[in-house]
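Working notes, structure below.
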Amino acid sequence: MTKILSQIWVVIVMNITSIGQRIWMSLAAIFAVAVVVAVLLSFLAMTEGFSKTLEGSGSNTVAIVTRSGSQSELNSVLSRETINIVTTAPGIAKDANGDPIYSPELYVIVDGIKKTSGTEVNLPMRGISSVGFELRDQVSITSGRMFETGKNEIIVGEGVLREFAGFELGTTVRFGKTEWEVVGTFSTGGNAFESELWADAPTLQSQFQRGSSFQTIRVLLETPDDVSGMAEMVENDPRLFLDVVTEADYFAQQGEALNGIVIFGWVISIFMSVGALAGALNTMYTSVANRAGEIATLRAIGFSNTSAFFGTLAESIVLSVIGGFVGAMASYLFMDGLSASTLGASFTQVVFKFELTTDLFINGAFLALGIGLIGGIFPAARAARLPVIVAFRGAN
Amino acid sequence: MNGVLTLFKWVFRIITAPVWVPFWILWKLGEVTGLNAVIEAIAMSTGFYVVYKNLTRKPLRLSLTMLAIFVAFTIYGTLTAFQNAFDAGVELSADDRLVSVNKINFTQPLPISYVNRVRPMEGVASVTHLNWFGGYYQDPQNVIVTFAVDEGSFFDVYGEDLVMSEEAKAAWLGNRQGLIVGESIARLNGWEVGQRIPLNSNIFSQQDGSSDWDFDIVGIYTGSDPQIDTNSIYFHYKYFNETQSFGGNFIGFMAIKTEDPDLNEAVIKQVDDLFANSPFETETVPEKVFNKGFIEQIGNIRLILSSVVLAAFFIILVIVGNSMVLAVRERTSEIGVLKTLGFTSPRIFRMVLGESFLLSIMSGSLGMLAAMVMIGVVNNAPIQLPTLVMTSDLAIEAFTYMALLGFITGIIPAVNALRLNIITALSRN
Numbered sequence: 005m006t007k008i009l010s011q012i013w014v015v016i017v018m019n020i021t022s023i024g025q026r027i028w029m030s031l032a033a034i035f036a037v038a039v040v041v042a043v044l045l046s047f048l049a050m051t052e053g054f055s056k057t058l059e060g061s062g063s064n065t066v067a068i069v070t071r072s073g074s075q076s077e078l079n080s081v082l083s084r085e086t087i088n089i090v091t092t093a094p095g096i097a098k099d100a101n102g103d104p105i106y107s108p109e110l111y112v113i114v115d116g117i118k119k120t121s122g123t124e125v126n127l128p129m130r131g132i133s134s135v136g137f138e139l140r141d142q143v144s145i146t147s148g149r150m151f152e153t154g155k156n157e158i159i160v161g162e163g164v165l166r167e168f169a170g171f172e173l174g175t176t177v178r179f180g181k182t183e184w185e186v187v188g189t190f191s192t193g194g195n196a197f198e199s200e201l202w203a204d205a206p207t208l209q210s211q212f213q214r215g216s217s218f219q220t221i222r223v224l225l226e227t228p229d230d231v232s233g234m235a236e237m238v239e240n241d242p243r244l245f246l247d248v249v250t251e252a253d254y255f256a257q258q259g260e261a262l263n264g265i266v267i268f269g270w271v272i273s274i275f276m277s278v279g280a281l282a283g284a285l286n287t288m289y290t291s292v293a294n295r296a297g298e299i300a301t302l303r304a305i306g307f308s309n310t311s312a313f314f315g316t317l318a319e320s321i322v323l324s325v326i327g328g329f330v331g332a333m334a335s336y337l338f339m340d341g342l343s344a345s346t347l348g349a350s351f352t353q354v355v356f357k358f359e360l361t362t363d364l365f366i367n368g369a370f371l372a373l374g375i376g377l378i379g380g381i382f383p384a385a386r387a388a389r390l391p392v393i394v395a396f397r398g399a400n
Numbered sequence: 108m109n110g111v112l113t114l115f116k117w118v119f120r121i122i123t124a125p126v127w128v129p130f131w132i133l134w135k136l137g138e139v140t141g142l143n144a145v146i147e148a149i150a151m152s153t154g155f156y157v158v159y160k161n162l163t164r165k166p167l168r169l170s171l172t173m174l175a176i177f178v179a180f181t182i183y184g185t186l187t188a189f190q191n192a193f194d195a196g197v198e199l200s201a202d203d204r205l206v207s208v209n210k211i212n213f214t215q216p217l218p219i220s221y222v223n224r225v226r227p228m229e230g231v232a233s234v235t236h237l238n239w240f241g242g243y244y245q246d247p248q249n250v251i252v253t254f255a256v257d258e259g260s261f262f263d264v265y266g267e268d269l270v271m272s273e274e275a276k277a278a279w280l281g282n283r284q285g286l287i288v289g290e291s292i293a294r295l296n297g298w299e300v301g302q303r304i305p306l307n308s309n310i311f312s313q314q315d316g317s318s319d320w321d322f323d324i325v326g327i328y329t330g331s332d333p334q335i336d337t338n339s340i341y342f343h344y345k346y347f348n349e350t351q352s353f354g355g356n357f358i359g360f361m362a363i364k365t366e367d368p369d370l371n372e373a374v375i376k377q378v379d380d381l382f383a384n385s386p387f388e389t390e391t392v393p394e395k396v397f398n399k400g401f402i403e404q405i406g407n408i409r410l411i412l413s414s415v416v417l418a419a420f421f422i423i424l425v426i427v428g429n430s431m432v433l434a435v436r437e438r439t440s441e442i443g444v445l446k447t448l449g450f451t452s453p454r455i456f457r458m459v460l461g462e463s464f465l466l467s468i469m470s471g472s473l474g475m476l477a478a479m480v481m482i483g484v485v486n487n488a489p490i491q492l493p494t495l496v497m498t499s500d501l502a503i504e505a506f507t508y509m510a511l512l513g514f515i516t517g518i519i520p521a522v523n524a525l526r527l528n529i530i531t532a533l534s535r536n
């Protein structure tokens, strides 16, 4: 057993150290695998970044109330009356005075200019109160100050500043007839709220002719994840047509919007792998043909055909692994942290960053290994079955 | 061990079947009909035979290289068709059509009274209005592009793109709950004329609080061009306005047909000036600009798709180029012999280049055929996608790339063969 293992080891080392003799063919195989892995990882990093951004937005201590069936904040409408009723529901946390802690919010879409394309895109403008501000985790003003109530002032998320033009601190922006001054910028730790413009809710209501209606309410829950008290009340009150979910669930669902891209990425990558596989097979068959004399010599002096098999297989896997590593490094260098934006479920831009996690690297590694294994197994079998006499003849 | 290998071999053969089966059939047919012999005779006299023999001397390497090219062109054909379909919304938009939306953003409403104020303007041929309904059918995930429109003027503005019989138009006008549906979306949902269907809205609700509306499908329209998207459905604004519970007498946007595209600028100015400084200012742009902006919102799809295509081409360039160099290098002594026999260097140059062209064009064409199959599959798939079309432009472009690939991968070995000195060639072995 040890003898076979040491034979295999000798052949592997020999094959790998002789890669230099077949440098161009080997580089072609490495390159092909690298490109395939880079393409796969780029698609995965994009969707990972998008869903992380949205999932990071939702808190499980906050519930979000929307009109039944609206599916996104944009489509929902709640009247003042509805809000007054639903905020009496059990399960809502109370402040020191015994009043429920809730934030009625307005969500309107305004135009912004996307820096990369120079075209108009949909940006969400949210009307909130100081309670709404406190209901967000990790929220902080990074420059300037908070807007003042009753004034046409906005604060903008850092994602907006990164991707869209015209919202720098101190500028005045015009939405229809109304003018707004950017008085501050805020960060919420990289989640979807950073793609928004925030203003004082009553001011936004009056400037956008919204009367006393809101789109959503966010309430602080007494017990995290427990919306049963509110849900029960909504169900039993014939005046209420509402959906109540935790904010975490709401955003987790929206984060799935790009899941189709994952499938698309895999299909494309696997298809491209077939091309890369052809390259790997070509390289390895050539390698076996070149080493026919060598293999025959080893066989003649007593090496087993198993060692020829594993030697070739190992060479193929080494090439693919190098390729996979190069591809992963390239996508890490060029893609990780890349800022982009796309339309989210609320029909507005969501700013996110490409994110390459360890899990994704494992996917890339599997793909590379798969190519190496399949690309090596047939040539390895040929090497193992090479008749000694034919091999010698071929070497001449 | 051998059993596993045989299994693998068969799996591999089956996977690669699209590449080799057509050739095998062609070859068999040629054998039976005697066509092969005729071709051989012609090929012999033209020198093509040597090219062909050279190409097929290592069938395994040939099929692997072909497979790589095949895959790249399948990806190219399919993804470019996708890209064209996305661009079609912009390319096919009418030059004489303007879209007028709320200046704040197109999701903000406009008063319905605006339509009648725009209609008599100089240069305006017709105007209609549309309102996004947020419709879905049965499942909230099954969102359908649904608009409440002014049924009277709808076809005045969109009639050149959307084609429907006069009877169906009359039926639509005569039925308050009438719904007209596009060919694609009708096929997807199995809808037929005469069917009564409920639709839900994720934005609006009826006065009784429910969110479902009943409709009679009265007509199925088609696109005047195969690339015109027919995934939208349209119903009467009046039905919508009378039954919904809020936001009455507001519309989403106006679509204006001008008498001549040259008058666009003048009409845009008239409309936007008229409503300037009102609570609902308008922003009027040519349809082309509006559609382009809309697609750009999703992100740079064009960049993503072309990067993938570029990556696929890069892979084959390296793989094919390498095996061509290798194939010719192995033949060094043969080329020496040919030269000794009196084959001129330019002829050998042409032979090598011909080999790479043949390889590239044969496998590339197969790839494009596979892309056509893929397009057919996608078009019939139960998902809402724009119609993909293999246009002649795309095919011509593909052949250009095949020729280019043949040239780039063949030129280095061809030049090497051209320069090869007989003595070096024969002594190298």
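Just so you know, the protein sequences line up as chains A and B, in that order. If you're matching positions, the first sequence starts at 5 in this note's numbering and goes up one per residue. If you're matching positions, the second sequence starts at 108 in this note's numbering and goes up one per residue. Glycine residues also receive a C-beta, built at the ideal position from the N, C-alpha and C atoms.
Ignore the nearest five residues each way along the sequence and tell me which others in residue i's own chain have a CB closer than 7 Å to its CB.
i: ALA524 (chain B); result: VAL435, ILE442, ILE455, PHE456 and VAL459
i: ALA32 (chain A); result: GLY283 and THR287
Hey, would you say residue i sits closer than 8 Å to residue j, going by beta carbons?
i: ALA478 (chain B); j: PHE180 (chain B); result: yes
i: ALA205 (chain A); j: SER133 (chain A); result: yes
i: ALA304 (chain A); j: VAL392 (chain A); result: yes
i: PRO104 (chain A); j: THR123 (chain A); result: no
i: GLY174 (chain A); j: GLU198 (chain A); result: no
i: ILE211 (chain B); j: PHE179 (chain A); result: yes
i: VAL288 (chain B); j: ILE327 (chain B); result: yes
i: LEU199 (chain B); j: ASP332 (chain B); result: yes
In whole angstroms, give me the CA-to-CA distance for residue i and residue j.
i: TYR159 (chain B); j: LYS395 (chain B); result: 50 Å
i: LEU364 (chain A); j: THR494 (chain B); result: 33 Å
i: ILE423 (chain B); j: SER76 (chain A); result: 45 Å
i: SER83 (chain A); j: LYS364 (chain B); result: 38 Å
i: MET150 (chain A); j: THR176 (chain A); result: 16 Å
i: LEU377 (chain A); j: ASP336 (chain B); result: 44 Å
i: SER46 (chain A); j: VAL415 (chain B); result: 10 Å
i: THR563 (chain B); j: LEU501 (chain B); result: Nothing about residue 563 (chain B) can be reported from this structure: the residues present for chain B run from 108 to 536 only.
i: SER472 (chain B); j: ALA175 (chain B); result: 13 Å
i: ALA203 (chain A); j: ARG130 (chain A); result: 6 Å
i: SER335 (chain A); j: ILE515 (chain B); result: 27 Å
i: GLU390 (chain B); j: PHE190 (chain A); result: 30 Å
i: THR227 (chain A); j: GLY95 (chain A); result: 7 Å
i: TYR183 (chain B); j: VAL128 (chain B); result: 22 Å
i: TYR289 (chain A); j: PRO383 (chain A); result: 5 Å
i: SER147 (chain A); j: THR153 (chain A); result: 18 Å
i: PHE420 (chain B); j: VAL271 (chain A); result: 17 Å
i: ALA372 (chain A); j: THR310 (chain A); result: 24 Å
In chain order, what residues of the same chain lie with their CB nearer than 6 Å to the CB of residue i, ignoring the 5 residues before and after it?
i: ALA387 (chain A); result: VAL292, ILE299, ALA312 and THR316
i: GLN313 (chain B); result: THR350
i: GLY116 (chain A); result: VAL125, LEU127 and PHE168
Closer than 8 Å by C-beta to residue i: which residues in its own chain qualify, once you throw out the five before and the five after it? Chain order, please.
i: ILE358 (chain B); result: PRO216, LEU217, PRO218, ILE219, TYR221, VAL222, HIS236, LEU237, ASN238 and TYR344
i: LEU262 (chain A); result: MET50, THR51, PHE54, SER55 and THR346
i: ARG71 (chain A); result: ASN79, SER80, VAL81, LEU82, PHE245, LEU246 and ASP247
i: THR451 (chain B); result: none
With distance defined between alpha-carbon atoms, name the residue in the options nearest to residue i.
i: TYR254 (chain A); options: A:VAL112, A:GLU59 and A:ASN195; result: A:GLU59
i: SER318 (chain B); options: A:ALA284, A:ASN79 and A:PRO104; result: A:ASN79
i: GLY406 (chain B); options: A:THR120, A:VAL66, A:SER22 and A:ARG243; result: A:THR120
i: THR86 (chain A); options: A:ASP241, A:VAL143 and A:ARG303; result: A:ASP241
i: ASP340 (chain A); options: A:ILE321, A:VAL17, A:VAL330 and A:LYS357; result: A:LYS357
i: ALA383 (chain B); options: A:LYS181, A:GLY297 and A:GLU251; result: A:LYS181
Inset, instruction - Pull out every residue of the stretch 387 to 406 of chain B whose Cβ sits closer than 8 Å to any Cβ of chain A, in chain order. - result: Correct list: PHE387, GLU388, LYS399, GLY400, GLU403, GLN404, ILE405 and GLY406.
- Against chain A: residues of the stretch 235 to 265 of chain B by CB proximity under 7 Å: GLY241 and PRO247
Requested in this report: Please list the residues of the stretch 274 to 286 of chain A that have a C-beta atom closer than 7 Å to any C-beta atom in chain B, keeping them in chain order.
Outcome: PHE275, MET276, VAL278, GLY279, ALA280, ALA282, GLY283, LEU285 and ASN286
Item checked: Members of the stretch 20 to 40 of chain A that neighbour chain B once the beta carbon cut-off is set at 7 Å -> TRP28, MET29, ALA32, PHE35, ALA36 and VAL39
task = Can you give me, in chain order, the residues of the stretch 427 to 452 of chain B that have a beta carbon less than 7 Å from any beta carbon in chain A?
result = ASN429, SER430 and LEU433
_Members of the stretch 364 to 384 of chain A that neighbour chain B once the beta carbon cut-off is set at 8 Å_ = ILE378, ILE381 and PHE382
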